[in-house]
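Asker: Residue numbers (the numbering used here): 13 to 197. For every residue, glycine included, the Cβ atom is placed at its ideal position computed from N, Cα and C. Pasting a structure here, questions to come.
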């Protein structure tokens, strides 16, 4: 039975672009958005946990986020995780709640966010290339098992490269749009 499944490869590559879109939605453009904190991971109970699994995040005002931590003992780790996430936010501790004022975007901060968007895009490109590598290995394994001929493997590799180029282009377009939004151009 052939290991190479083009539909699965394409689904996984497109999934990397969707993950990139999700990550980019967390980059703010000047107003409070609860998605801003979704990538934040907090170390609690000896494990790295998404902040959304230990707190409720809301946007009570256009320039303020509120993080309601469910277990009061986790306030310190949540505050530390938010500060170290590189989002430029400084939590204000109000007992069981952390308030996060969203500062105005300066030109320097816009450049930092654009750089962060580029880092997210590079992670997505790496994920896409890893999926391509898995597909190439599957084609070679199928050829080694004599399930496909050498010509079929080469055609499959060419198709796989074409798909990879398409999906990376889509990821780059999504990133360019977000960078344009961040930089206000």
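In angstroms, rounded to a whole number, what distance separates the CA positions of residue 203 and residue 159?
Answerer: With the chain covering only 13 through 197, there is no way to say anything about residue 203.
Asker: Please say whether residue 36 and residue 135 have beta carbons closer to each other than 7 Å?
Answerer: no
Asker: Please confirm whether residue 101 and residue 112 have their CB atoms less than 7 Å apart.
Answerer: Their beta carbons are under 7 Å apart, which means residue 101 touches residue 112 by this criterion.
Asker: For residue 145, is the classification buried or exposed, using 16 other Cβ atoms within 10 angstroms of its Cβ as the cut-off for buried?
Answerer: exposed
Asker: Select from 30, 195 and 25 the residue whose C-alpha is nearest the C-alpha of residue 116.
Answerer: Restricting attention to 30, 195 and 25, the CA atom closest to the CA of residue 116 is found in 195.
Asker: If you count every other CB in all the chains shown that lies within 10 Å of the CB of residue 74, and 16 or more means buried, which is it?
Answerer: exposed
Asker: Could you round the C-beta distance between residue 53 and residue 64 to whole angstroms and report it? I think they count as a contact, below 8 Å.
Answerer: That pair is no contact at about 10 Å.
Asker: Can you tell me whether residue 87 is helix, strand or coil according to DSSP?
Answerer: helix
Asker: May I ask you to report which of helix, strand or coil DSSP gives residue 55?
Answerer: strand
Asker: Taking C-alpha atoms, which residue in 58, 109, 132 and 193 lies nearest to residue 30?
Answerer: When the alpha-carbon of residue 30 is set against those of 58, 109, 132 and 193, the nearest one is in 132.
Asker: Locate the alpha helix (DSSP H) running through residue 8, then write down its first and last residues.
Answerer: Because residue 8 is not part of the residues shown, which for the chain are 13 to 197, the question remains open.
Asker: Determine the direct distance from the alpha carbon of residue 84 to that of residue 21, and round the result to whole angstroms.
Answerer: 44 Å
Asker: Using a 10 Å radius around the Cβ and a threshold of 16 neighbouring Cβ atoms, would you call residue 67 buried or exposed?
Answerer: buried
Asker: Take every Cβ of the segment 137 to 153, pair it with every Cβ of the segment 163 to 180, and state whether three or more of those distances are shorter than 8 Å.
Answerer: yes
Asker: Using the Cα positions of residue 94 and residue 167, report the straight-line distance between them to the nearest angstrom.
Answerer: Rounded to whole angstroms, the separation of the alpha carbons of residue 167 and residue 94 is 48 Å.
Asker: Per the DSSP calculation, residue 81 is bridged to which residue(s)?
Answerer: Answer is 67.
Asker: Spell out the partners DSSP gives residue 104 in its beta bridges.
Answerer: The beta-bridge partner set that DSSP reports for residue 104 consists of 111.
Asker: Kindly list the residues whose CB is nearer than 7 Å to the CB of residue 150, restricted to its own chain and excluding five residues on each side of it in sequence; keep chain order.
Answerer: These residues qualify, in order along the chain: 15 and 16.
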